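Presented below is the structure to which this report refers.
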DNA sequence: CAATTTATGCTCATCATGAGTATAACTAAT
DNA sequence: ATTAGTTATACTCATGATGAGCATAAATTG
């Protein structure tokens, strides 16, 4: 093992995607950076450097930064991914070329932030094409598809690394064909495709000629500083996938809830409508919840039974989640 | 954002779990550390520090280290997890308290290493309780279960962080009940439980009183240096999970293969036997493979059709994997 | 040729899933 | 009080996927 002399010091950033659901809408906690270089003040994820002297583990470091910046005490926390490439998703204003970022997903109950610069933002503001709860989003057919087609016709630029799929196939892989074959879990793939095609604002800052490409393109979704939107996309992908084999949702709900609230929360995360009766059958049959005996009156209709999460479901079933399949609602 | 003054420099380690399958056995590439402190020379995963000046991305850094240490040119590479806790899984001989490790999974075809200290090791040597291809491993009932029961009766030591499950429930969560409810994907959970119970050799080095606990326990599986066995467990968990919704297996197979070879490779990874006819139905019906027209004669019986992976399957199906269910074989 | 081994085709019962019908129990407006 | 609107909940039904097993084909080994 020849150890290289260049021991360039590295800084490890810890980033939190703090997700909650309020009135059927998923939110993520953002911090506005007032000292933003240009445009409107950009949203950032709560963020801080890992200092091993102060924090025994990465997760402790993350919790402490979040507490300091937002006042929130996190419950469920899960590591997502470590981003280290400087080639892309790096901004001109980035402090240090030796920054590596670890993204985290945190799930909480919704709360209005007390601090000035802390905001709850709807996550579909950042990814409008991901919300299929009311059918295929118009933006896909009207804006995204045509621009991606245009991009796919442009000659390959730069290093053509041996990708298994060509441009056309990647578009179909990510967005399906004519609203068919949509895979809700591919949030990150879609964002990275849009980035590569120069269709999101963040790509315009990137070193490549993306700026020119983007000049005539709409800004697809609200942008974030640095690579934070990519981290958020990773969080969404993870949540949508894990939802199906782990009881994640219950971290977002109060301890007592109706089946309809549970369904609407799942729909909010997965971004697709569900068949009510089948959802009920799935959940009740799956042993994930149990009736509390209490009722909720203020449903707007017939009162609903209140349920609670059965923690023992974890040991009973191999993968206790809500294996839901999208439907016509 | 109050930036703390303690800018303790961090070193980022890149670790590769390089997996291949040879004659129905999964292997992982190990490097023997001759300067190991004690016992037999410990196995390590190929490993190196990330130096941003030398490598543009983390993955490039990893590939370069692996090439240098083992001579291998990696194909498929996937990031697993970033380990940063010093409290556990840290060894006395660890160079630097400020080391953070990123684990990677790499899939290759099998090859015998040319270098002296590079070895191909069967991964079930490290995790003998994970191989259920010939029924429930005897070691579970005879050794693991009794020792875990003993551990569960000992009073909780140290900080009792609000775990959702008690010791008994965790044992059932990880190992099921009487060979039932076994979830092949929980490789990491099981290793971490055994670690916590002081039943793996690595735990004996840990600061806690694990050394005493382990003194009368068998060494469960071959051990590795530092936290490398934990990284390998993460790799196995990831592979067993991802197998079901992504065409991973084909990275381990030659371009032409028989359905039986495909099945045996899947079994090698998942560690459970499969029903031959149903597997065939699943694979052929799923559109993941296509016949090449050629035949393999040296099967030991009737010649078998040779198939190849259909790359386009990626765009056709939402999650193109081998959604196999364990069976009686 | 008989025994063995692997490949491959097909059946069948059961269960999970998607979709829809029907009814119940509440609120709000006429 | 009656009607419309809204949500809750029970059931049915067709279809498809899944687990298990039977049967046959085509090679190898003695």
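Chains as they are written, first to last, in my numbering: chain A, 1 to 329; chain B, 330 to 658. Beta carbons are placed, not taken as given, at the ideal position from N, Cα and C, and that holds for glycine. Nothing here was measured: the structure is a model prediction, and the numbers come from that model.
Under the three-state DSSP convention, the category residue i falls into
| i | result |
| --- | --- |
| residue 318(A) | coil |
| residue 457(B) | helix |
| residue 324(A) | coil |
| residue 529(B) | coil |
| residue 379(B) | coil |
| residue 411(B) | strand |
| residue 187(A) | helix |
| residue 292(A) | strand |
| residue 506(B) | strand |
| residue 475(B) | helix |
| residue 566(B) | helix |
| residue 195(A) | helix |
| residue 152(A) | helix |
| residue 392(B) | helix |
| residue 443(B) | coil |
| residue 141(A) | helix |
| residue 287(A) | coil |
| residue 601(B) | coil |
| residue 242(A) | helix |
Any non-hydrogen atom of the ligand GTP closer than 7 Å to residue i Cβ
| i | result |
| --- | --- |
| residue 561(B) | For the structure depicted, the ligand GTP is absent and the ligand set is empty, with no information on it obtainable. |
Neighbour list for residue i in chain B, Cβ cutoff strictly below 7 Å
| i | result |
| --- | --- |
| residue 9(A) | 338 |
| residue 359(A) | Because chain A here runs from 1 to 329, residue 359(A) falls outside it and cannot be looked at. |
Beta-carbon spacing of residue i, residue j below 8 Å
| i | j | result |
| --- | --- | --- |
| residue 501(B) | residue 315(A) | yes |
| residue 408(B) | residue 76(A) | no |
| residue 617(B) | residue 624(B) | no |
| residue 101(A) | residue 83(A) | yes |
| residue 696(B) | residue 513(B) | In the structure displayed, chain B extends from 330 to 658; residue 696(B) sits before or after that span and is not available. |
| residue 15(A) | residue 103(A) | yes |
| residue 239(A) | residue 105(A) | yes |
| residue 221(A) | residue 187(A) | no |
| residue 56(A) | residue 454(B) | no |
| residue 346(B) | residue 374(B) | yes |
| residue 268(A) | residue 21(A) | yes |
| residue 633(B) | residue 588(B) | yes |
Identity of the residues DSSP links to residue i by a beta bridge
| i | result |
| --- | --- |
| residue 30(A) | 119(A) |
| residue 43(A) | 32(A) and 224(A) |
| residue 18(A) | 106(A) |
| residue 229(A) | None, per the DSSP bridge assignment. |
| residue 76(A) | 107(A) |
| residue 430(B) | 342(B) and 412(B) |
| residue 464(B) | 462(B) |
| residue 25(A) | 22(A) |
| residue 586(B) | 636(B) |
Backbone CA spacing between residue i and residue j [nearest angstrom]
| i | j | result |
| --- | --- | --- |
| residue 13(A) | residue 51(A) | 9 Å |
| residue 243(A) | residue 571(B) | 15 Å |
| residue 560(B) | residue 525(B) | 16 Å |
| residue 457(B) | residue 463(B) | 12 Å |
| residue 74(A) | residue 107(A) | 8 Å |
| residue 114(A) | residue 61(A) | 22 Å |
| residue 605(B) | residue 585(B) | 19 Å |
| residue 603(B) | residue 612(B) | 12 Å |
| residue 503(B) | residue 564(B) | 17 Å |
| residue 279(A) | residue 263(A) | 7 Å |
| residue 150(A) | residue 319(A) | 42 Å |
| residue 619(B) | residue 170(A) | 21 Å |
| residue 233(A) | residue 483(B) | 44 Å |
| residue 641(B) | residue 66(A) | 43 Å |
| residue 164(A) | residue 575(B) | 14 Å |
| residue 377(B) | residue 253(A) | 43 Å |
| residue 398(B) | residue 202(A) | 38 Å |
| residue 450(B) | residue 358(B) | 6 Å |
| residue 650(B) | residue 637(B) | 15 Å |
| residue 481(B) | residue 471(B) | 16 Å |
| residue 132(A) | residue 228(A) | 23 Å |
Within chain A, the residues that residue i reaches when beta carbons sit closer than 8 Å
| i | result |
| --- | --- |
| residue 408(B) | 81 and 82 |
| residue 512(B) | 318 and 319 |
| residue 502(B) | 314 and 315 |
Beta-carbon neighbours of residue i, restricted to chain A and to distances below 9 Å
| i | result |
| --- | --- |
| residue 498(B) | 311, 312, 314 and 315 |
Listed by chain order, chain B residues near residue i by CB distance under 8 Å
| i | result |
| --- | --- |
| residue 50(A) | 339, 413 and 429 |
| residue 164(A) | 640 and 643 |
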